[in-house]
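Novice:
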Amino acid sequence: MLEALIFVVFPFCMLFAAISDMLSMTIANRVSVLLVVVFALVAPLTGMEWAAYGWHFAAGALVLAVTFGLFAMGGMGGGDAKLLAATAVWMGLNIQLVEYLVVSTLIGGLLTIAILLYRKSPLAVMTGRNPFLRHFAEESVGIPYGIALGLGGLLTYPDSPLMVWALARLAS
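Here's what the structure looks like:
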């Protein structure tokens, strides 16, 4: 049962956040809340030491402090900040968090370049009314960074502490 939660909840939340941000430029609070609550309930049941458990929440608090500052300055959306912090709780204060941040940043950079090129192309005028593409075409709208955060999470999740634990349980 624990393994199923570990295999399903995090990837589902990453996909939901990416698709939601792509379609509506919002990431619902319930995504971040679900991630934190499930981690809080599941991690102790995996045998995670209390010190490690605390460090996972410290990672989330640290990331939230930094991303909230970026949000306050207008450099990031609130949903992105909360999703980053919730993901940091799952990754922990270790190399997996760094890997997630680097991968998400690289994907986000490529996504930003692609969207900016699309906005300058004639294709944006022709497809700007398409519900799927309208947020990409509007220059007044920001970049749906939740796409990069979701993809980064999916790509780096196999190395996260809970996923490593769940895979080891299945292998034994």
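Position in the sequence shown (first residue = 1) + 47 = this note's numbering. The C-beta atom is built at its ideal place from N, Cα and C for all residues, glycine as well.
Let me know the secondary structure DSSP gives V188 once reduced to three states.
Specialist: Coil at V188, not helix or strand.
Novice: Applying the 10 Å Cβ sphere with the 16-neighbour rule, what's the burial state of K129?
Specialist: Under this definition K129 is a buried residue.
Novice: Buried or exposed: F86, going by 16 or more other Cβ atoms within 10 Å of its Cβ?
Specialist: By the 10 Å Cβ count, F86 comes out buried.
Novice: In chain order, what residues of the same chain have a beta carbon less than 6 Å from the beta carbon of G208, not counting five sequence neighbours either side?
Specialist: Inspection of the sequence shows that residue 208 is occupied by Pro rather than by Gly. Hits under 6 Å: G139.
Novice: Going by the beta-carbon positions, is the gap between L144 and A106 smaller than 7 Å?
Specialist: Closer than 7 Å, so yes.
Novice: Leaving out the 5 sequence neighbours to the left and right, which residues in its chain are closer than 6 Å to V150 when beta-carbon positions are compared?
Specialist: Excluding residues within five positions, the ones whose Cβ falls inside 6 Å are G199, L202, T203.
Novice: According to DSSP, is M61 part of a helix, a strand, or is it coil?
Specialist: Three-state result, M61: helix.
Novice: Using the Cα positions of E50 and M95, report the straight-line distance between them to the nearest angstrom.
Specialist: Each residue's Cα considered, the two are about 14 Å apart.
Novice: Measure the alpha-carbon distance for A213 versus A64 and round it to whole angstroms.
Specialist: If you take the alpha carbons of A213 and A64, they lie about 23 Å apart.
Novice: If you check the beta carbons only, do G125 and F118 fall under 7 Å apart?
Specialist: Yes, these two residues count as a Cβ contact at 7 Å.
Novice: Tell me, to the nearest whole angstrom, how far the beta carbon of G175 is from that of D68; I am working on the premise that it is less than 8 Å.
Specialist: The pair is not a contact, with the Cβ atoms about 18 Å apart (cut-off 8 Å).
Novice: Look at H182 and M72 and say whether their C-beta atoms are less than 7 Å apart.
Specialist: Against a cut-off of 7 Å, the Cβ pair of M72 and H182 comes out as a contact.
Novice: Let me know the secondary structure DSSP gives G122 once reduced to three states.
Specialist: The answer is coil: DSSP assigns G122 none of H, G, I, E or B.
Novice: What three-state label does DSSP hand E50 in the structure shown?
Specialist: The answer is helix: DSSP assigns E50 an H, G or I state.
Novice: Which of helix, strand or coil does DSSP assign to M72?
Specialist: Coil at M72, not helix or strand.
Novice: Determine the extent of the alpha helix (DSSP H) in which T93 is found, giving its start and end residues.
Specialist: Unbroken run through T93: none, as it is neither H nor E.
Novice: Should G155 go down as buried or exposed, given a rule of 16 or more other Cβ atoms within 10 Å for buried?
Specialist: Buried, by the Cβ-count rule.
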